[in-house]
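Residues are numbered in the working numbering as their position in the sequence shown, beginning at 1, plus a constant of 732.
Heads up, the thing below is written out as structure tokens.
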Amino acid sequence: MELDDLRSQLSFTKATAEASAASAQSAQSQCFSLLRELEEKNNSLKENEIRVNKLGEQLDNLQKDLQARESSQRQLKDEVVRMEKEIMQAVAKAGLNKDCELRKILDEVSPKNLEKMNQLLDARDDEISRLRDELRFLSAHWKHKTKELESQLEKHRRADQELKKKVLKIEFCVHDLRSQIRKLQRAGERRDKALEDYKDQVNSSKQQNQAGSHDKENFWGSSGFKVIVSMSMLILVALTRR
């Protein structure tokens, strides 16, 4: 009965060790899967950051272009006004009257030039207005992307912390399982040894029992026993004659 108990305990120990090994392997696989997930999120986050940075560069370039165009338009307006003033002042200083051919040409050409200039300036104003609208759109889009990236960064930071906690827990579980497996293996080895010792004791007891029964058989059939019986008979005969 004790031998059956030892065998049962040994089988249970082996089954527990195999289950622990399978659990450790599963935990390692889960750990590797979490690390791959973390790496994929890092790559996705880097791609989003690159896109946001490019959008910021486009926004900066557009702002610089708009500022340059506005400055150029102001300079052009100032230059036109200055030239017209200089021409009119030169004509006034020359004392030209209204009948002068040059005065007529200036009076005729100046409105046309002014109209063309106004058309050109209006076109530039429209272009600047379009650029401003585009700038506002890109600025709003950039702010949205920036907030989205910040939100992703925060989520990623939290997910990163959670994954690290899970990895640490899994590593701890794997370490604990390996320690349990080693303990179970040592326990199994001790039980194997105890089982072998028990078998040796059983075999030794059987041999001793067999040897004892054989000695008893040899005693009853031995010559010494026969001599003792003969002497006893002679003594009984002598006593009877007396």
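All C-beta atoms in this analysis are idealised placements derived from N, C-alpha and C, irrespective of residue type, glycine included.
Rounded separation between residue i and residue j - CA only
i    : j    : result
H888 : S861 : 40 Å
N793 : Q760 : 50 Å
L770 : A751 : 29 Å
V763 : K901 : It is Cys, not Val, that sits at residue 763 in the sequence shown. Rounded to whole angstroms, C763 to K901 spans 9 Å at the Cα level.
T878 : R864 : 20 Å
I782 : G788 : 10 Å
Q917 : E903 : 21 Å
E816 : K809 : 11 Å
Q851 : K786 : 36 Å
A747 : Y930 : 22 Å
A754 : L927 : 27 Å
M820 : D858 : 30 Å
K915 : E894 : 31 Å
N780 : H876 : 13 Å
S740 : D908 : 25 Å
Q940 : D932 : 12 Å
E921 : S883 : 56 Å
R923 : K938 : 22 Å
D775 : R768 : A small correction: the amino acid at residue 775 is Asn; Asp does not occupy that position in the sequence shown. The alpha-carbon atoms of N775 and R768 are separated by roughly 11 Å.
M733 : K925 : Its pLDDT being 49, under 50, M733 is placed unreliably in this model, and the coordinates cannot settle the point.
L818 : Q807 : The residue asked about is misnamed: residue 818 is Glu in this sequence, not Leu. Approximately 16 Å, taken between the alpha carbons.
D854 : R814 : 19 Å
S936 : Q757 : 44 Å
Cβ pair residue i, residue j closer than 8 Å
i    : j    : result
K773 : A891 : yes
L681 : S911 : Nothing can be reported for residue 681: it is not among the residues displayed for the chain, which extend from 733 to 974.
V899 : L766 : yes
L867 : V784 : no
E856 : Q799 : Just to set this straight, residue 856 is Arg in the shown sequence, not Glu. Not closer than 8 Å, so no.
Chain-order list of residues whose beta-carbon lies under 6 Å from that of residue i (same chain, five-residue window excluded)
i    : result
R801 : I860
D797 : none
8 Å CB neighbourhood of residue i in its chain, flanking five on each side removed
i    : result
L885 : L777
Q795 : L867
Residues near residue i by beta carbon distance below 7 Å, same chain, minus five either side
i    : result
E811 : none
W874 : L787, G788 and L791
F869 : none
K897 : none
S743 : none
S803 : none
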